[in-house]
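2 protein chains.
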Amino acid sequence: MSIAPLPGPIRIAVDAMGGDHGPAITLPAVRAFLAAHPQAEVLLVGKPEALAGAAGIERCSVVPASEVVTMDDPVEVALRRKKDSSMRVAITQLKPAVPDARAAADACVSAGNTGALMAVSRYLLKTLDGIDRPAIATVMPNEHDGHTTVLDLGANVDCTAEHLLQFAVMGSALVAAVEGKEEPSVGLLNIGEEAIKGSETIKRAGELLRAAADGGHLNFHGNVEGNDIFKGTTDLVVCDGFVGNVALKTAEGLAAMLTSIIRQEFTRNWYTKFAALVALPVLKHFKHRVDHRRYNGAALLGLRGLVFKSHGSADAFAFEQALNRAYDAARNRLLDRVHDRILETLQAMPAGDSAEASVAQAA
Amino acid sequence: MSIAPLPGPIRIAVDAMGGDHGPAITLPAVRAFLAAHPQAEVLLVGKPEALAGAAGIERCSVVPASEVVTMDDPVEVALRRKKDSSMRVAITQLKPAVPDARAAADACVSAGNTGALMAVSRYLLKTLDGIDRPAIATVMPNEHDGHTTVLDLGANVDCTAEHLLQFAVMGSALVAAVEGKEEPSVGLLNIGEEAIKGSETIKRAGELLRAAADGGHLNFHGNVEGNDIFKGTTDLVVCDGFVGNVALKTAEGLAAMLTSIIRQEFTRNWYTKFAALVALPVLKHFKHRVDHRRYNGAALLGLRGLVFKSHGSADAFAFEQALNRAYDAARNRLLDRVHDRILETLQAMPAGDSAEASVAQAA
Numbered sequence: 001m002s003i004a005p006l007p008g009p010i011r012i013a014v015d016a017m018g019g020d021h022g023p024a025i026t027l028p029a030v031r032a033f034l035a036a037h038p039q040a041e042v043l044l045v046g047k048p049e050a051l052a053g054a055a056g057i058e059r060c061s062v063v064p065a066s067e068v069v070t071m072d073d074p075v076e077v078a079l080r081r082k083k084d085s086s087m088r089v090a091i092t093q094l095k096p097a098v099p100d101a102r103a104a105a106d107a108c109v110s111a112g113n114t115g116a117l118m119a120v121s122r123y124l125l126k127t128l129d130g131i132d133r134p135a136i137a138t139v140m141p142n143e144h145d146g147h148t149t150v151l152d153l154g155a156n157v158d159c160t161a162e163h164l165l166q167f168a169v170m171g172s173a174l175v176a177a178v179e180g181k182e183e184p185s186v187g188l189l190n191i192g193e194e195a196i197k198g199s200e201t202i203k204r205a206g207e208l209l210r211a212a213a214d215g216g217h218l219n220f221h222g223n224v225e226g227n228d229i230f231k232g233t234t235d236l237v238v239c240d241g242f243v244g245n246v247a248l249k250t251a252e253g254l255a256a257m258l259t260s261i262i263r264q265e266f267t268r269n270w271y272t273k274f275a276a277l278v279a280l281p282v283l284k285h286f287k288h289r290v291d292h293r294r295y296n297g298a299a300l301l302g303l304r305g306l307v308f309k310s311h312g313s314a315d316a317f318a319f320e321q322a323l324n325r326a327y328d329a330a331r332n333r334l335l336d337r338v339h340d341r342i343l344e345t346l347q348a349m350p351a352g353d354s355a356e357a358s359v360a361q362a363a
Numbered sequence: 001m002s003i004a005p006l007p008g009p010i011r012i013a014v015d016a017m018g019g020d021h022g023p024a025i026t027l028p029a030v031r032a033f034l035a036a037h038p039q040a041e042v043l044l045v046g047k048p049e050a051l052a053g054a055a056g057i058e059r060c061s062v063v064p065a066s067e068v069v070t071m072d073d074p075v076e077v078a079l080r081r082k083k084d085s086s087m088r089v090a091i092t093q094l095k096p097a098v099p100d101a102r103a104a105a106d107a108c109v110s111a112g113n114t115g116a117l118m119a120v121s122r123y124l125l126k127t128l129d130g131i132d133r134p135a136i137a138t139v140m141p142n143e144h145d146g147h148t149t150v151l152d153l154g155a156n157v158d159c160t161a162e163h164l165l166q167f168a169v170m171g172s173a174l175v176a177a178v179e180g181k182e183e184p185s186v187g188l189l190n191i192g193e194e195a196i197k198g199s200e201t202i203k204r205a206g207e208l209l210r211a212a213a214d215g216g217h218l219n220f221h222g223n224v225e226g227n228d229i230f231k232g233t234t235d236l237v238v239c240d241g242f243v244g245n246v247a248l249k250t251a252e253g254l255a256a257m258l259t260s261i262i263r264q265e266f267t268r269n270w271y272t273k274f275a276a277l278v279a280l281p282v283l284k285h286f287k288h289r290v291d292h293r294r295y296n297g298a299a300l301l302g303l304r305g306l307v308f309k310s311h312g313s314a315d316a317f318a319f320e321q322a323l324n325r326a327y328d329a330a331r332n333r334l335l336d337r338v339h340d341r342i343l344e345t346l347q348a349m350p351a352g353d354s355a356e357a358s359v360a361q362a363a
């Protein structure tokens, strides 16, 4: 696949009010991001009075929005009541004024609540042709000092095999765009490596993925298990949103527990505190390698626009990483890549196997 | 619930040949276990020539079995071909010669392959009344220095809400028997705390669990997320086997990666090696607190006999922990507890909500 990077400046719309901290975090992150990316421009969306600090930042303009979607707002409130929210106005920047024209922004980043962000994005942008449901993809660190992309992470429960195929195709496009691996390997998350294991949906998904691989449209490795995410067995791991969300939260929970135990052990008495001091450079390096902030920025895939979701509690460093990911995705035309790959894959599938079946399933 | 401990000696049948290492691990584990439990007796099942080392162990007798189920043997081989396997003969010790009599052994422990162990156990022992499917329960460490019991871990994919209720009841009996908490709190693994989230099956399971709690048959906390396993939010976490297996494997994978990174960091150069030396007591204590070997011994629940599964790669210390768990379960009459709780819960449920529905589902 030869898709040239987008020429000229890349414009990112930033929901400056979203997340736990709002402008206190988003402003410094945008400042650092713009300093590192001379070709980037930012549309900072939010209450002008809260964004006065942006006045001095080059290549950064403020787009006013009078309301804010809070972390606890139900989807309905974000969707129907707060029509001038910073989240909604930021996403609107992705809609071209005339069909096929370039929109005001090439990608959008928000640390607002996931449910609201997905619902508003889906409502305003719609899904791409051939995609039934958008999915959420994130990266997790792996043993090779690289990272593994995992999707879906909670946008979809009760997925069909066709949805899992679509996730695989969209995820492949994401890895190609953001990491430059044109044929990323895909693993299907299962509970055993043998094709015979797993639920009916998973078995059928395995068949669809194999068919797509046989047609040269996907680099399908086969089944993988939960531990393969961190082993880095494949570049991409595909699963339904329920399973993906549990895996992500379980990993976060274990990491939090281990961090807390390490801290307890090193602060237990004067000797352990001394040991911590001696081991400080080692512990710092360890912390850097497993720093989850470096992996911030989940992609909402399958929409007619590039939306990235930052963790709600992200600090400026973490939020900047989400901006970086959105920038890379836009620069490398993730949207065109997803579009092309989906069409290619669906057209090549035997009749009834993908497009038709997925229409039938969706009905 | 007042169930008195089983009087007299507790007899454990041990599949001495199972697992990656066989007697090299099981024999020393049995020796240590018997030394620590003066009321215990062990039936060591396997090839007599491989178990010659058991001759000197007190309260330990050898039951001959000429075959061994390997870690790669398909279920069919274990079930239909190797009829004199150490696994099968060990499980057979749980069947009373006359109905309602006490069997040769009160519990059985094997490190053999999970699929074979579950299939042979189910075939020989059958399920308890009111149980559609046996489940596998294990414990994971939590922040309170306690542990959280999780089930199912892979015996069942495609579970119904009724199965999840049965898992909750069986798991509660397990925690009561092995940990002495008579009313353990139960969490339903979901992707959000709000009852509205999750798949249809999960929502319906939430309703069944709430109904059982309202009737006083279960201490239902509500929905929990993946990270709650390690937070120790509830004593018990219930999920279908696919999700549970992914959560367990993901946690194992992350733990393995972090361990490997810590080792790399502390052996990077002469300074970090010096730091490791200084920090050794801290690292050892840390390692002990998160040592997965301490949590070895998964319970196969819902069968007419107590079967415990050790990790295939367990060392003698880990295998001994599985023996300990089997001993505690047998001593505290886990089988009677599961039986009583299941009957009590099912009888109290509104018609069509549990027993009938689960029969309909199974048909």
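One line per chain: the protein sequences are Z and W, in this order.
For the first sequence, this note's numbering assigns the number 1 to the initial residue and increments by one for each residue that follows.
For the second sequence, this note's numbering assigns the number 1 to the initial residue and increments by one for each residue that follows.
All C-beta atoms in this analysis are idealised placements derived from N, C-alpha and C, irrespective of residue type, glycine included.
### Task
Alpha carbon to alpha carbon, how far is ALA211/Z from MET349/Z? Give it in angstroms, no decimals.
C-alpha separation (whole angstroms): 7 Å.
### Query
With PRO156/Z and ARG122/Z assumed to form a contact (beta carbons below 8 Å), what rounded beta-carbon distance in angstroms separates them?
It should be pointed out that residue 156/Z corresponds to Asn in this sequence rather than to Pro. Contact between ASN156/Z and ARG122/Z does not hold, since their C-beta atoms are separated by about 12 Å, which reaches or exceeds 8 Å.
### Query
At a CB-CB cut-off below 8 Å, which residues of chain Z make contact with GLY226/W?
Those within 8 Å of GLY226/W in chain Z are ASN245, VAL246, ALA247, LEU248, LYS249, THR250, ALA251, GLU252, GLY253.
### Query
Where does SER172/W land, buried or exposed, given buried means 16+ other C-beta within 10 angstroms?
Around the beta carbon of SER172/W, 16 or more other beta carbons lie within 10 angstroms, which makes this residue buried.
### Query
Under a CB-based cut-off of 7 Å, is ILE261/Z close to chain W?
Closer than 7 Å: yes.
#### Entry: Own chain, CB closer than 7 Å to ALA366/Z, minus 5 neighbours either side, in chain order
Chain Z is shown from 1 up to 363; residue 366/Z falls before or after that span and cannot be answered.
#### Entry: Of the residues ASP72/Z, MET118/Z, ARG11/Z, ASN227/Z, the one placed nearest ASP20/Z, counting alpha carbons only
Measuring C-alpha to C-alpha distances from ASP20/Z to each of ASP72/Z, MET118/Z, ARG11/Z, ASN227/Z identifies ASP72/Z as the nearest.
### Query
Taking C-alpha atoms, which residue in GLU143/W, ALA322/W, GLN166/W, THR149/W lies nearest to ARG289/W?
When the alpha-carbon of ARG289/W is set against those of GLU143/W, ALA322/W, GLN166/W, THR149/W, the nearest one is in GLU143/W.
### Task
Could you give the DSSP three-state label for ILE261/Z: helix, strand or coil?
Reduced to three states, the DSSP call for ILE261/Z is helix.
### Task
Check the Cβ of THR272/W against every Cβ in chain Z and list those closer than 7 Å, keeping chain order.
Around THR272/W, the beta-carbon contacts reaching into chain Z at under 7 Å are VAL282.
### Task
Could you check if ASP328/Z is buried or exposed, using at least 16 other CB atoms within 10 Å of its CB as the buried criterion?
Buried, since its Cβ has 16 or more Cβ neighbours within 10 Å.
### Query
Using a Cβ-Cβ cut-off of 6 Å (strictly less than) and excluding sequence neighbours within five positions of ARG59/W, which residues of its own chain qualify?
Hits under 6 Å: LEU34, GLU41.
### Task
Jot down the residue ranges of each uninterrupted beta strand (DSSP E) in the segment 297-359 of chain W, minimum 3 residues, whole runs only, in chain order.
The qualifying runs are 298-301, 307-309.
### Task
Determine the extent of the beta strand (DSSP E) in which ILE25/W is found, giving its start and end residues.
Careful: ILE25/W lies outside any beta strand (DSSP E), inside the alpha helix (DSSP H) at 23-36.
### Task
Have a look at LYS273/W and PHE230/Z and give me their C-alpha separation to the nearest angstrom.
LYS273/W and PHE230/Z have their alpha carbons spaced roughly 26 Å apart.
### Message
Please confirm whether ALA116/Z has its beta-carbon closer than 7 Å to some beta-carbon of chain W.
### Response
No, its Cβ sits nowhere closer than 7 Å to a Cβ of chain W.
### Query
Considering only C-alpha positions, which residue in the set ALA29/W, ALA105/W, VAL89/W, THR26/W is nearest to GLY8/W?
Closest by C-alpha distance to GLY8/W, out of ALA29/W, ALA105/W, VAL89/W, THR26/W, is ALA105/W.
#### Entry: Cβ-heavy atom distance, GLY226/W to the ligand SAH, below 6 Å
Within the structure as shown, the ligand SAH is missing, as the structure has no ligands at all.
### Message
Counting only Cβ pairs nearer than 7 Å, list the residues of chain Z close to ILE229/W.
### Response
In chain order: THR250, GLY253.
### Query
From what residue to what residue does the beta strand (DSSP E) around ARG11/W run?
Unbroken beta strand (DSSP E) run through ARG11/W: 10-15.
### Task
Please report the residue range of the beta strand (DSSP E) in which GLY222/Z lies.
Element bounds for GLY222/Z: 219-224.
### Message
Is the separation between the beta-carbon of ASP15/Z and that of ALA103/Z shorter than 7 Å?
### Response
In this structure, the beta-carbon distance from ASP15/Z to ALA103/Z does not fall below 7 Å.
### Task
Compile a chain-ordered list of the residues in the segment 129-148 of chain Z whose CB is closer than 8 Å to at least one CB of chain W.
Contact residues of the segment 129-148 of chain Z toward chain W are PRO141, ASN142, GLU143 (C-beta to C-beta distance below 8 Å).
#### Entry: Any 3 or more C-beta pairs closer than 8 Å across the segment 302-315 of chain W and the segment 78-88 of chain W
No, because fewer than three Cβ pairs between the segment 302-315 of chain W and the segment 78-88 of chain W fall closer than 8 Å, the two stretches do not touch.
### Query
By a C-beta neighbour count over all protein chains shown, 10 Å radius and 16 as the cutoff for buried, is LYS309/W buried or exposed?
Per the 10 Å Cβ criterion, buried.
### Task
Rank ALA97/Z, GLY18/Z, LEU27/Z, MET17/Z by C-alpha distance to the C-alpha of PHE317/Z and give the top, closest one.
Measuring from the Cα of PHE317/Z, the nearest candidate turns out to be LEU27/Z.
### Query
Under the rule that 16 or more other beta-carbon atoms within 10 Å means buried, what is ALA52/Z, buried or exposed?
By the neighbour-count criterion, in which 16 or more other beta carbons inside 10 Å mark a residue as buried, ALA52/Z falls on the exposed side.
### Task
Thinking GLY421/Z and ASN223/Z are a contact (beta carbons under 8 Å), I'd like their distance in whole angstroms, please.
In the structure as shown, chain Z starts at 1 and stops at 363, and residue 421/Z therefore has no counterpart that could be examined.
### Query
In this structure, what does DSSP give as the bridge partners for GLY187/W?
Answer is GLY222/W, VAL237/W, bridged to GLY187/W.
### Task
Below 6 Å CB to CB, which residues in the same chain sit around ASN332/W once its five sequence neighbours on both sides are set aside?
Around ASN332/W, the same chain offers PRO5, ALA177 as residues with beta carbons nearer than 6 Å, after the five sequence neighbours per side are excluded.
### Message
For GLU49/W, count the other beta carbons within 10 Å of its own beta carbon; 16 or more makes it buried, fewer makes it exposed. Which is it?
### Response
Of the other Cβ atoms in all chains shown, fewer than 16 fall within 10 Å of the Cβ of GLU49/W; this residue is therefore exposed.
### Message
Can you give me the C-alpha to C-alpha distance between ALA364/W and THR233/W, rounded to a whole angstrom?
### Response
As displayed, chain W neither begins before 1 nor continues past 363, which places residue 364/W out of reach and without an answer.
### Task
Identify whether GLY115/W lies in helix, strand or coil by the three-state DSSP scheme.
Three-state result, GLY115/W: helix.
### Message
To the nearest angstrom, how far is the alpha carbon of ALA299/W from that of ALA168/W?
### Response
Distance between ALA299/W and ALA168/W, taken at the CA atoms: about 14 Å.
### Task
With THR92/W as the anchor, note down where its alpha helix (DSSP H) starts and where it stops.
Start and end: 86-92.
### Query
If you draw a straight line from the alpha carbon of PRO74/W to that of LEU280/Z, how long is it in whole angstroms?
Approximately 50 Å between the Cα atoms of the pair.
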